[in-house]
Structures are given as C-alpha cells and as structure tokens.
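Down below is the structure, laid out as structure tokens.
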Amino acid sequence: FQRNSHSSTQRPQNGQSVMTLVSTRRLFLFWDSPLAGGQVLHVYHNTLQTGNHWVGVHLSEDGSGRSPLGARVELETEHGKQIQVIAAGETIHGQHRPTAHFGLGKSSEVKSIRIIWPGGKEKYLKQPSVDQYHVVKAP
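The sequence shown begins at 10 in my numbering and counts up by one.
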C-alpha cells in the first residue's frame, strides 16, 4: 500500500540481515481533534526468509574525529565488485547510520572488503565472515 512519510529509516534488527522499516507521518485531522498535529509511528518488520547470505560493515570514528561520511566501501567476491558510499541522509528528517550492507545471494564467501576513508587512508578485511556485521574503526 502507499502512504506519505515524513521521515523513515531502515536498519537491520539485532545484527541480522532482515531489514526493518520505521516510518513516521503527521496526522492532519480536524483542529479540535486530540490527535491534530501529532504523528503516527509505523514499523514494518521483514519476516521473509530467503536462505541468502550477506555481509556488512559498520564504520566508527572511535573518537579520532575522522568522520566515516564519504567513505567508500568496496566488496569483492568471485562474482565481481559491489561499491557503496557512506552518506548522512537523503531525506529532510532522517539520517543513515554509517553502515554498508551487501547482499551476496547464494554465495557464502567474500574475497575482501576495502574501506577508503575520507582523506585517502584505507583499511582491508581479507575473507571476512559472512552473515554478520564487522565494526571497522577509523585509521
């Protein structure tokens, strides 16, 4: 179904690959209604089980002052390369976590993950485990 949203975010729950969508929308009712001007929270939890694999990285500045915003995350598998750039947000009322999530399909191996931080420093993860998130601190 279709619904207007004023802010929304999607994120994995409890470190799992299943994404949950959280959205809010304003109520526009009659002015004398007790709900006028309020908001409604919608939570859409994905319960689809596919058997597919995934891997993710969560970038952390670790108090060094190096923001992960703008970092480029490159994943290499036997099937090729996937690339994501960490961004702050794409909506007026929302912001993304500094996390990259990659779907692997039936593939259960990753050759490497390369993180290029703003400023050019790099970090590598060689053959990271799949079906989990890896925390990577700023160099």
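For each residue, glycine too, the CB sits at the ideal point set by N, CA and C.
Selection from the options that minimises the alpha carbon distance to residue i
| i | options | result |
| --- | --- | --- |
| Leu113 | Asn61, Ile122, Val145, Val66 | Asn61 |
| His110 | Trp126, Thr56, Pro148, His143 | His143 |
| Leu134 | Gln93, Glu85, Ala80, Leu57 | Glu85 |
CB of residue i within 8 Å of CB of residue j, strictly
| i | j | result |
| --- | --- | --- |
| Glu83 | Ser76 | no |
| Leu203 | Ile124 | A question about residue 203 goes unanswered here, because the residues of the chain that appear run from 10 up to 148. |
| Pro107 | Lys130 | no |
| Val52 | Ile122 | no |
| Pro127 | Ala80 | yes |
| Val139 | Val119 | yes |
| Glu87 | Ser116 | yes |
Extent of the continuous beta strand (DSSP E) to which residue i belongs
| i | result |
| --- | --- |
| Glu131 | 131 to 135 |
| Leu68 | 62 to 69 |
| Ile124 | 121 to 125 |
| His143 | 142 to 146 |
| Ala96 | No beta strand (DSSP E) holds Ala96; DSSP gives it neither H nor E. |
| His110 | 108 to 114 |
| Thr86 | 81 to 86 |
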